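Chemist:
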Amino acid sequence: MRVHLAALAAATILPFAASPAEAAATVVYECTTTATSEKQEVSLDVELTVPAQATVDQQLTIGWSGAFVTGKELVAPATGMEGELKMYVYAGISGIDDLTSATGVADLGMVIPGEPVAIPPTATMTTTPRKPGSGTVHAASINFGLTPQDRLVECVVKGSATEYPLTVTGADGSTPSDSTTPTGSTTPTGSTTTPEDDGSDGDEPDSTPTTTSTDIPSGGVDTGAGGMAGPDGRALMLTGLVVMLAAIVGLRLRRPRSRA
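Under this note's numbering, think of the first position of the sequence shown as 4, with each following residue one higher.
#1: Distance, Cα to Cα, E166 vs P80?
#2: Can you give the beta carbon distance from A27 to D60, rounded, assuming they're within the 8 Å contact cut?
#3: Put L169 into one of helix, strand or coil per three-state DSSP.
#4: Can you find at least 3 beta carbon pairs, one from the stretch 96-103 and one from the stretch 66-86, that sit closer than 8 Å?
#5: According to DSSP, is I65 helix, strand or coil?
#6: Only counting the same chain, and skipping five residues up and downstream in sequence, which positions put a Cβ closer than 6 Å to that of S46?
#7: Is I251 buried or exposed, if buried means 16 or more other CB atoms sit within 10 Å of its CB?
#8: Three or more beta-carbon pairs under 8 Å between the stretch 99-109 and the stretch 121-141, yes or no?
#9: Whose CA, out of D175, A249 and T242, lies closest to the CA of A57?
#10: Answer with buried or exposed for A14, where buried requires no fewer than 16 other C-beta atoms within 10 angstroms of its C-beta.
#11: In three-state DSSP terms, what is V140?
#12: What is the DSSP secondary structure of V52, reduced to helix, strand or coil?
#13: Please classify L248 as buried or exposed, where buried requires at least 16 other C-beta atoms within 10 Å of its C-beta.
#14: Taking G101 as the reference, give the member of W67, Q152, G138 and M113 with the closest Cα.
#15: Taking just the CA atoms, how far does G173 sit from M113?
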């Protein structure tokens, strides 16, 4: 009879047991005492509870639970940790625009110098997504101190941590498609103004003007550079040419003749 009851109890409990994917995963941290820069390596079994779906502009809540691995606890510094101490836990978020982290806080009990620190078993982290998208969440830093800025011990993840999927939908429940233009793209979606074609082929223009027969003014003839001057200009040039020829002839006549 006892065997049957044990089997019945096992059958009742097993369906509710956590699957391997949901079990806590060991995360290795490197912790530094800010006052002395003393470092120590600790390990925690951490599990995050991430909702399957979140909504833009609505607070997202992520659950945190953790416990030190035996023999890998955080040892309080010999200088002590006094005051109303708190544990600040963080989650890293990647793959979603404008959403990088979530933050949580829990009260820390009495800390005895040189003894392992007893941490709260759970904490709640919150953040607010601003854009839809799909990404992942993982355990990040843990700090101990009086405020988020006044940290007595800082612990950063050393290595990798389990990734949990997260999807953020729009206010209307829509999810981003693969064809959505990535953030930061400057491609316009409206009308495009096409610059006027100036006839150039893209090379640097020649700074020396070239005179061609197309520069001849109306009523003129193709006389080279003189064509640009027009009819009045050509009359002046002709007069100048006659004067220059007369001067040359005069100089020629004034040359003494060689004696026979």
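The beta-carbon is built from N, C-alpha and C at its ideal position, and this holds for glycine as well.
Source: prediction; values computed, not measured.
Modeler: Result, derived from the coordinates:
#1: Taking the sequence shown and counting its residues from 1, the one referred to as residue 166 is at position 163. Taking the sequence shown and counting its residues from 1, the one referred to as residue 80 is at position 77. Rounded to whole angstroms, E166 to P80 spans 32 Å at the Cα level.
#2: Working through the sequence shown from its first residue, we reach residue 27 at position 24. Working through the sequence shown from its first residue, we reach residue 60 at position 57. The Cβ separation is near 31 Å, so there is no contact.
#3: Locating residue 169 in the sequence shown gives position 166, where the first residue counts as 1. Residue state, collapsed to three classes: strand.
#4: no
#5: What you label residue 65 is simply residue 62 of the sequence shown in a count that begins at 1. Here I65 sits in strand by DSSP.
#6: As a working note, residue 46 is residue 43 in the sequence shown. Contacts found: T29, V31, V72 and K75.
#7: Reading the sequence shown from its first residue, position 248 is the one you call residue 251. Exposed, because fewer than 16 other Cβ atoms sit within 10 Å of the Cβ of I251.
#8: yes
#9: Your numbering for residue 57 matches position 54 in the sequence shown. The shortest C-alpha separation from A57 is found at D175.
#10: Counting from 1 along the sequence shown, the entry for residue 14 is found at position 11. Per-residue confidence for A14 stands at a pLDDT of 37, beneath the threshold of 50, marking its modelled position as unreliable; the derived number appears in the next sentence. A14 is exposed by the Cβ-count criterion.
#11: Numbered from its first residue, the sequence shown carries residue 140 at position 137. Three-state result, V140: strand.
#12: One-based indexing of the sequence shown puts residue 52 at position 49. One detail in the question is off: residue 52 reads as Thr in this sequence, not Val. Note: T52 maps to strand in three-state DSSP.
#13: One-based indexing of the sequence shown puts residue 248 at position 245. That one is exposed.
#14: The residue labelled residue 101 in the question sits at position 98 within the sequence shown. Residue identity differs from the one stated: residue 101 is Asp in this sequence, not Gly. Closest by alpha carbon: G138.
#15: In the sequence shown, the residue the question calls residue 113 occupies position 110. In the sequence shown, the residue the question calls residue 173 occupies position 170. Going by the C-alpha atoms only, they are around 44 Å apart.
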